[in-house]
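Engineer: Take this structure, written in structure tokens, and hold onto it; I'll ask about it next.
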Amino acid sequence: MAEFLKPSGSSNNTALEEPVVMFDDVCRIFNNHHALSHLSFSVQRGEILGIIGHSGAGKTTLLRCLAGLERPNTGRVMVEGNDIAHLPDKQLLPLRQKIGLVFQHFNLLSSKTALQNIALPLKISGVTRHKRLEKAKELIELVGLPDKANLYPSQLSGGQKQRIGIARALAANPALLLCDEATSALDPETTRSILELLSDINKKLKLTIILITHEMSVIRHLADRVIVLQKGKIIEQGAVTHVFTHPKAEVTKQLLREEQPYLPAYIVEKIHPTPQNLDDFVILKVIMLGSIIRQPLIARLQNEYGIAANLLEGGISHIQETPIGTLFLLFPAQQSQKAIDALTQLGVETVESLGYVSSSI
Amino acid sequence: MFPHLFNLSAYELNQFYVSTIETIEMTVACGFFTLVIGLPLALILVATAPDGLKPMPVVHRVLGFIINIFRSIPFIILLVALIPFTRFVMGTFIGTQAAILPLSIATIPYFTRIAEASFREVDQSLIEAVRAMGGSRIAIIREVILPESLPSIISGFTVTVVLIIGISAMAGAIGAGGLGNLAIVYGFQEFRYDITLIVVVILVIMVSIIQWIGDYLARRFNHRNNF
Chain A
1333 MAEFLKPSGS
1343 SNNTALEEPV
1353 VMFDDVCRIF
1363 NNHHALSHLS
1373 FSVQRGEILG
1383 IIGHSGAGKT
1393 TLLRCLAGLE
1403 RPNTGRVMVE
1413 GNDIAHLPDK
1423 QLLPLRQKIG
1433 LVFQHFNLLS
1443 SKTALQNIAL
1453 PLKISGVTRH
1463 KRLEKAKELI
1473 ELVGLPDKAN
1483 LYPSQLSGGQ
1493 KQRIGIARAL
1503 AANPALLLCD
1513 EATSALDPET
1523 TRSILELLSD
1533 INKKLKLTII
1543 LITHEMSVIR
1553 HLADRVIVLQ
1563 KGKIIEQGAV
1573 THVFTHPKAE
1583 VTKQLLREEQ
1593 PYLPAYIVEK
1603 IHPTPQNLDD
1613 FVILKVIMLG
1623 SIIRQPLIAR
1633 LQNEYGIAAN
1643 LLEGGISHIQ
1653 ETPIGTLFLL
1663 FPAQQSQKAI
1673 DALTQLGVET
1683 VESLGYVSSS
1693 I
Chain B
24 MFPHLFNLSA
34 YELNQFYVST
44 IETIEMTVAC
54 GFFTLVIGLP
64 LALILVATAP
74 DGLKPMPVVH
84 RVLGFIINIF
94 RSIPFIILLV
104 ALIPFTRFVM
114 GTFIGTQAAI
124 LPLSIATIPY
134 FTRIAEASFR
144 EVDQSLIEAV
154 RAMGGSRIAI
164 IREVILPESL
174 PSIISGFTVT
184 VVLIIGISAM
194 AGAIGAGGLG
204 NLAIVYGFQE
214 FRYDITLIVV
224 VILVIMVSII
234 QWIGDYLARR
244 FNHRNNF
């Protein structure tokens, strides 16, 4: 990695540094409608923050305030110590270069080649032709498309266009990479490769990244921390592993639902809150986090506690490198409390009884 | 029925040559002025629009109003109405050079509207992207608006040049030179249908060549699709 690719002032000592981005009590109001309502958060250097919410939650307004394209009505938006909400236009222009934007629809200029597109932010800031092309070549190699340098965007696939978009966003050595639904227009395969590229860039360049998305899977793959927005307010926030395993807000649960295994509706319909017959079964929802997933859980229940468990539904996903397992287990109703105690002793994250079903299920 | 058909004297043949050159002269000169004046006017119109780079409602409305006035007058009436003005500026209103002024005044507003539409077509999100890079208004015009609209501007200018040839022939009626004058003075007033026919053929050839060049250049600069 060439030295000049590194963002200015990067270091591993994140704890003592001032945050790269800080929103301080930001409000943005359109016709009496609070698009952003008293929003405060900060992002540390090198961190990957995910901001998620349904459409209309205020994600786009937040992004535009952060990119300096829009001014909040009240509050401060600090980027590397500069309040971009209150700077005059002239001083705002160079500061916008501190933030590299990656767009959902790429927004590459059709009249410029891939290389010229990457070099454009440097051209705008007055870097000489020779230097900016040198840097652009460096970046096109970083995103893995050196052989596409002289092609026009119309000759590239969606994933390739987004790689060029990412390289362009990196050109001016930004303090922050802001990804606006960067993978929403791509197929799952391409999405994965783009997310890997972003993860690589974060590690190699120690670059701070903010992901704005409505897809939990993007957050799960990449983000360290997540903020859930609803109606312009932060409704939930925290480490991704924590929020994913202990979602509190209904919106969060709803957004997570499509991500994690759930009981099919025909089973949910048959659940009773109390046992109806002696031979009924109890359904326990078990969430496991981390290394416990590598253990033979069902076999240990049988061998160490003498409880026969039956797997109804379940799956394992990964929050970056942390596995998270969700299991729906079936036990004889009389063993309900014994099973809960045993599972807790074995070290699962949470156990929750969903109710009882008849043995004929 | 056509007593003089293709019975041309050497003088008449020479007239075709001279008139064609005159038409080309008028078209090139008028095309040049239309481009260098019309493009900036179109940029001003787009930039001062309410959603433009630098909204200036008064400038936008006044300029738009003036253009609409000229656009709503039929060309032949505009050419006649401009005779006193032409005489005042150029000293005469007869001849090829004098015709360039009223022709340009007629075609500049036309091309301004065409170019304005081309500029407006440029994807707003591209402008936003360059704005987010810290691009100034000048940078946005230079790097986004002009290059992205270039193929469309070339097509629009081709249409305008063809129009200039058409109205330069009309200008023949009020004393400008060129092929229009030849067709009116010899073809119409002396009933020489053969001369009119040849003028038509020459015009068709000129227009075809211009359209072909325009299409070629528009394709050459269009990178939006693979042709």
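Protein sequence lines, in the order shown, are assigned to chains A and B. The numbering used here applies: residue 1333 is where the first sequence begins, and numbers increase by one. The numbering used here applies: residue 24 is where the second sequence begins, and numbers increase by one. The beta-carbon is built from N, C-alpha and C at its ideal position, and this holds for glycine as well. These figures come from a predicted structure and were not determined experimentally.
If A:Ile1542 sits next to A:Ile1383, beta carbons under 8 Å apart, how far is it from one beta carbon to the other, in whole angstroms?
Structural biologist: Confirmed, Cβ separation roughly 6 Å.
Engineer: Using Cβ-Cβ distances below 9 Å, what residues of the segment 152-168 of chain B are close to chain A?
Structural biologist: From the segment 152-168 of chain B, only Ala152, Val153, Arg154, Ala155, Met156, Gly157, Gly158, Ser159, Ala162, Glu166, Val167 have a Cβ closer than 9 Å to chain A.
Engineer: Would B:Ser148 count as contacting chain A if we go by Cβ distances under 9 Å?
Structural biologist: So, interface residue.
Engineer: Is B:Pro73 close to chain A? Criterion is C-beta to C-beta, closer than 9 Å.
Structural biologist: No, its Cβ sits nowhere closer than 9 Å to a Cβ of chain A.
Engineer: Since A:Glu1402 contacts A:Val1352 with CB under 8 Å, what's their CB separation in whole angstroms?
Structural biologist: In fact, because the Cβ distance is near 20 Å, the residues do not count as touching under 8 Å.
Engineer: Could you pull the DSSP bridge partners for B:Met49 from this structure?
Structural biologist: DSSP, once it has assigned bridges, lists no residue as partnering B:Met49.
Engineer: To the nearest angstrom, how far is it from the Cα of A:Leu1675 to the Cα of A:Gln1586?
Structural biologist: Taking the straight line from one Cα to the other gives about 26 Å.
Engineer: Could you tell me the boundaries of the alpha helix (DSSP H) in which B:Thr219 lies?
Structural biologist: That run of the alpha helix (DSSP H) goes 216-243.
Engineer: List the residues of chain A that B:Glu139 touches, going by C-beta distances under 8 Å, in chain order.
Structural biologist: Neighbours of B:Glu139 on chain A: none; closest Cβ ~19 Å, over 8 Å.
Engineer: Against chain A, with Cβ distances strictly below 9 Å, would B:Arg143 count as a contact?
Structural biologist: By this cut-off, B:Arg143 is not an interface position.
Engineer: Under three-state DSSP, which class holds A:Phe1438?
Structural biologist: The answer is coil: DSSP assigns A:Phe1438 none of H, G, I, E or B.
Engineer: Hey, would you say A:Phe1435 sits closer than 9 Å to A:Ala1514, going by beta carbons?
Structural biologist: Taking 9 Å as the Cβ cut-off, A:Phe1435 and A:Ala1514 qualify as a contacting pair.
Engineer: Would A:Ile1566 and A:Leu1381 qualify as a contact pair, given that the criterion is a beta-carbon distance under 9 Å?
Structural biologist: It is not a contact, given that the beta carbons lie outside the stated cut-off.
Engineer: Taking the continuous beta strand (DSSP E) assigned at A:His1578, which residues delimit it?
Structural biologist: Premise fails: A:His1578 is in no beta strand (DSSP E) and is neither H nor E.
Engineer: Excluding sequence positions up to five away, which residues of its chain have a Cβ less than 6 Å from the Cβ of A:Tyr1637?
Structural biologist: Cβ neighbours of A:Tyr1637 beyond the five flanking positions: Ala1674.
Engineer: Which complete alpha helix (DSSP H) runs does the segment 1573-1646 of chain A hold, if anything under 4 residues is left out?
Structural biologist: Segments of the alpha helix (DSSP H) lying fully in the segment 1573-1646 of chain A: 1582-1589, 1597-1600, 1629-1637.
Engineer: Report yes if the CB atom of A:Pro1478 is closer than 9 Å to the CB atom of A:Lys1467, and no otherwise.
Structural biologist: Contact: no.
Engineer: With which residues is A:Tyr1688 paired in a DSSP beta bridge?
Structural biologist: A:Tyr1688 is bridged to A:His1604, A:Val1614.
Engineer: Can you tell me whether DSSP reads A:Gly1570 as helix, strand or coil?
Structural biologist: DSSP places A:Gly1570 in strand when its eight states are reduced to three.
Engineer: Measuring straight from C-alpha to C-alpha, what distance separates A:Lys1455 and A:Thr1393?
Structural biologist: In a straight line, the C-alpha of A:Lys1455 is about 28 Å away from that of A:Thr1393.
Engineer: Listed in chain order, which residues of the segment 1594-1610 of chain A have Cβ atoms closer than 8 Å to some Cβ of chain B?
Structural biologist: Listed by position along the chain: nothing, the set is empty.
Engineer: Assign B:Ile137 to buried or exposed, taking buried as 16 or more other Cβ atoms, counted over all protein chains shown, within 10 Å of its Cβ.
Structural biologist: Under this definition B:Ile137 is a buried residue.
Engineer: Is there a C-beta anywhere in chain B that falls below 9 Å from the one on A:Lys1391?
Structural biologist: Judged by the 9 Å Cβ criterion, A:Lys1391 is not in contact with chain B.
Engineer: So with Cβ pairs under 9 Å, would you call B:Phe180 a contact of chain A?
Structural biologist: No, B:Phe180 does not count as interfacial toward chain A.
Engineer: Among B:His83, B:Ala65, B:Ile177, whose alpha-carbon lies nearest the alpha-carbon of B:Ala72?
Structural biologist: Of B:His83, B:Ala65, B:Ile177, the residue nearest in Cα terms is B:His83.
Engineer: So is B:Tyr40 buried or exposed if we call it buried at 16+ other beta carbons inside 10 Å?
Structural biologist: Exposed.
Engineer: Grab the span of the beta strand (DSSP E) containing B:Val85 for me, first residue to last.
Structural biologist: Looking at the DSSP string, B:Val85 is not in any beta strand (DSSP E); the run it does join, the alpha helix (DSSP H), is 80-95.
Engineer: Along the segment 82-104 of chain B, where does the CB come closer than 9 Å to a CB of chain A? Name the residues.
Structural biologist: Listed by position, the residues of the segment 82-104 of chain B near chain A (Cβ gap below 9 Å) amount to none.
Engineer: Is there a Cβ from chain B that is less than 9 Å from the Cβ of A:Arg1464?
Structural biologist: Judged by the 9 Å Cβ criterion, A:Arg1464 is not in contact with chain B.
Engineer: Between which two residues does the beta strand (DSSP E) holding B:Thr115 run?
Structural biologist: Premise fails: B:Thr115 is in no beta strand (DSSP E) and is neither H nor E.
Engineer: Return yes when at least one heavy atom of the ligand SAM lies under 8 Å from the C-beta of B:Glu166, else no.
Structural biologist: The model depicted lacks the ligand SAM and carries no ligand whatsoever.
Engineer: Would you tell me roughly how many angstroms separate the C-alpha atoms of A:His1574 and A:Ile1656, rounded to the nearest one?
Structural biologist: Spanning the two alpha carbons is a distance of roughly 11 Å.
Engineer: Can A:Val1358 and A:Gly1407 be called in contact, C-beta distance under 9 Å?
Structural biologist: Yes, the Cβ-Cβ distance between A:Val1358 and A:Gly1407 is below 9 Å.
Engineer: Under 6 Å Cβ to Cβ from A:Ile1672, same chain only, skipping five residues before and after it: list those, please.
Structural biologist: Around A:Ile1672: Val1683.
Engineer: For B:Val69, count the other beta carbons within 10 Å of its own beta carbon; 16 or more makes it buried, fewer makes it exposed. Which is it?
Structural biologist: Per the 10 Å Cβ criterion, buried.
Engineer: Return the CA-CA distance between A:Pro1506 and A:Leu1452, expressed in angstroms with no decimal places.
Structural biologist: Distance between the alpha carbons of A:Pro1506 and A:Leu1452: 14 Å.
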